[in-house]
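When the letters of the sequence shown are read in order and numbered with the numbering used here, they come out as residues 3 to 354. Below is one structure, written out as structure tokens, with a few remarks after it.
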Amino acid sequence: MGQMPTYGNSMPTAPYLNGGGHPSSSYGGGHPSSSYSHPSSGYGLPSTSVLGSKHQKEACAEEEGGCLDEDKFGAENKAPSEEWTICGIDLKPVLPVALSVSTVVGAICMLLVQIPMLSRLTGLSEAGTSAVFGVIYGVTLGCMTYCAFADPGQVRKARPPVQANMYQQPPMLDEEMPRRAHKCWLYQRPVRRYDHYCNWLQNVIGLLNHREFVLMVLGLAVISVSGIAVDVWLAILIAKKGFLDTEIIVLLHLAYSIVLLWVAGPICKIHVGLVSRNETAQDWKNNIFYIAHNTKQGNNVPVGELEVDEFNALFDSFVYDPRRNPWDNGCSSNCCSFWCNARWPKGERGEW
3 MGQMPTYGNS MPTAPYLNGG GHPSSSYGGG HPSSSYSHPS SGYGLPSTSV LGSKHQKEAC
63 AEEEGGCLDE DKFGAENKAP SEEWTICGID LKPVLPVALS VSTVVGAICM LLVQIPMLSR
123 LTGLSEAGTS AVFGVIYGVT LGCMTYCAFA DPGQVRKARP PVQANMYQQP PMLDEEMPRR
183 AHKCWLYQRP VRRYDHYCNW LQNVIGLLNH REFVLMVLGL AVISVSGIAV DVWLAILIAK
243 KGFLDTEIIV LLHLAYSIVL LWVAGPICKI HVGLVSRNET AQDWKNNIFY IAHNTKQGNN
303 VPVGELEVDE FNALFDSFVY DPRRNPWDNG CSSNCCSFWC NARWPKGERG EW
């Protein structure tokens with residue numbers, strides 16, 4: 003566990019750059035001896051030491067929806083296995099393909115089967131209902147595509163002013179390391195306001211695609227809940243009218259909606275909570291802002307100060323302490339910053 007921040011306005015010296023870096027990277031993170039010191043503030047970002055089997059929460063917040071094999075699908079500190087193939091077919095994109103294809107098939111089924119059927123049985127406006135669901139599916143799929151292919155916000159390169167020879171083009175230099183930046187195996191440079199590596203999209207979620215990711219997760223949650231409601235309603239209506247030959251489609255879509263809710267529901271719950279606290283998944287995973295009670299040292303003890311055995315024993319009772327999070331300005335302010343702060347200006351560093 004990285005060093006826990008002290009109370010007050012000091013910034014956390016937590017493991018924002020731990021792991022994931024290439025050994026030769028100037029940002030460190032991958033090599034045990036490497037670390038990066040902030041040029042302006044002088045604090046270091048040490049690698050994280052492992053406390054025990056429960057030291058970190060899931061390697062990625064998405065894994066709350068089901069355990070994923072890091073060797074196959076990759077994680078923050080490792081790429082997907084190059085050997086995961088069947089009959090010579092690369093299976094690494096299986097999760098993004100499964101997510102996108104299932105969402106498209108679900109949309110087609112809802113718009114061409116469920117809604118027309120519901121309209122015939124209840125008199126509900128087919129055009130209006132289709133328009134609402136079309137917008138939900140469109141926004142969700144659009145955000146999904148963007149998150150999968152967008153640069154999450156790597157630290158930018160800047161050209162310093164010419165000093166000696168004005169005719170000589172100076173080399174491009176990386177900007178000063180922003181706080182909350184982190185290095186992941188997927189990109190050469192650290193990602194500003196790093197959140198996590200998403201197995202389902204095979205991309206990093208950071209400053210420039212975090213909002214779209216949360217919108218996508220919210221969209222999937224809405225799709226699953228509304229799908230269950232529509233399917234249950236249809237199943238009741240069909241059973242009453244005796245159209246049992248069409249019930250198989252409804253049951254299949256209901257099964258899909260339940261599975262989707264099982265996967266997307268916990269992820270949505272996690273990220274809504276993180277946004278409300280202005281806590282990144284990286285902070286949450288490493289218990290940066292959490293304390294424990296009833297410890298050998300007393301109450302309100304930072305998690306990072308616990309012994310291994312005590313850490314594991316109290317793991318499920320860790321409590322979030324907003325006083326330890328210098329970024330937490332209250333739920334309404336945190337949500338406003340997340341949804342309204344400009345992320346694309348040239349000098350934006352994601353330090354909020």
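Quick reminder that beta carbons are idealized off the backbone N, C-alpha and C, glycines included.
Candidates Trp329, Gly300, Val157 and Val106: closest to Gly349 by CA position: Position 347 of the sequence shown, counting from 1, holds the residue named residue 349. Here the closest residue by C-alpha is Val157.
To the nearest angstrom, how far is the alpha carbon of Trp264 from that of Leu253? Translated into the one-based positions of the sequence shown, residue 264 becomes position 262. Translated into the one-based positions of the sequence shown, residue 253 becomes position 251. Taking the Cα positions, Trp264 is about 16 Å away from Leu253.
Below 8 Å between beta carbons: does that hold for Met146 and Met218? For the purposes of this step, residue 146 is taken as residue 144 along the sequence shown, with counting starting at 1. For the purposes of this step, residue 218 is taken as residue 216 along the sequence shown, with counting starting at 1. Contact: yes.
Three-state secondary structure (DSSP) of Thr282: The residue given as residue 282 occupies position 280 in the sequence shown. Annotated three-state conformation of Thr282 is coil, per DSSP.
With a threshold of 16 other CB atoms inside 10 Å of the CB of Asn280, please say whether the residue is buried or exposed. Taking the sequence shown and counting its residues from 1, the one referred to as residue 280 is at position 278. By the neighbour-count criterion, in which a residue is buried when 16 or more other Cβ atoms sit within 10 angstroms of its Cβ, Asn280 is buried.
Range of the contiguous beta strand (DSSP E) that encloses Tyr148: Within the sequence shown, residue 148 is the residue found at index 146, counting from 1. Per DSSP, Tyr148 belongs to no beta strand (DSSP E); it is in the alpha helix (DSSP H), Glu128 to Phe151.
Beta carbon of Ala223 nearer than 8 Å to that of Ala266: Looking up residue 223 in the sequence shown gives position 221. Looking up residue 266 in the sequence shown gives position 264. Contact: yes.
Does the distance from the C-beta atom of His273 to that of Val216 stay below 8 Å? Reading the sequence shown from its first residue, position 271 is the one you call residue 273. Reading the sequence shown from its first residue, position 214 is the one you call residue 216. Val216 sits close to His273, with the two beta carbons spaced by under 8 Å.
According to DSSP, is His336 part of a helix, a strand, or is it coil? Numbered from 1 along the sequence shown, position 334 holds the residue referred to as residue 336. Correcting the residue type first, residue 336 is Asn in the shown sequence and not His. Assignment of Asn336 by DSSP, reduced to helix, strand and coil, places it in the helix class.
State the DSSP-derived secondary structure class of Asn314, mapped to helix, strand or coil. Walking along the sequence shown from the start, residue 314 turns up at place 312. Helix.
CA-to-CA distance, Ser102 to Tyr258, given in whole angstroms: Within the sequence shown, the letter at position 256 stands for residue 258. Within the sequence shown, the letter at position 100 stands for residue 102. Approximately 13 Å, taken between the alpha carbons.
Where do the ends of the alpha helix (DSSP H) carrying His295 lie? Here the question's residue 295 lines up with position 293 in the sequence shown. That residue, His295, is in no alpha helix (DSSP H); it is neither H nor E in DSSP.
Could you check if Trp329 is buried or exposed, using at least 16 other CB atoms within 10 Å of its CB as the buried criterion? Within the sequence shown, numbered from 1, the residue matching residue 329 stands at position 327. Result: buried.
Check each candidate in Arg325, Glu307 and Ile250 and name the one with the smallest Cα separation from Phe317. Translated into the one-based positions of the sequence shown, residue 317 becomes position 315. Checking every option, the nearest Cα to that of Phe317 belongs to Glu307.
Can you tell me the Cβ-Cβ gap for Cys149 and Leu203, rounded? I've got them flagged as a contact below 8 Å. The residue you call residue 149 lines up with position 147 of the sequence shown. The residue you call residue 203 lines up with position 201 of the sequence shown. About 5 Å; that satisfies the 8 Å criterion.
Return the bridge partner residues of Ile207 from the DSSP annotation. Residue 207 sits at position 205 when you count from the first residue of the sequence shown. Partner(s): His198.
Measure the Cβ-Cβ separation of Arg182 and Glu353 and say whether it is below 8 Å. What you label residue 182 is simply residue 180 of the sequence shown in a count that begins at 1. What you label residue 353 is simply residue 351 of the sequence shown in a count that begins at 1. Yes, they are a contact pair.
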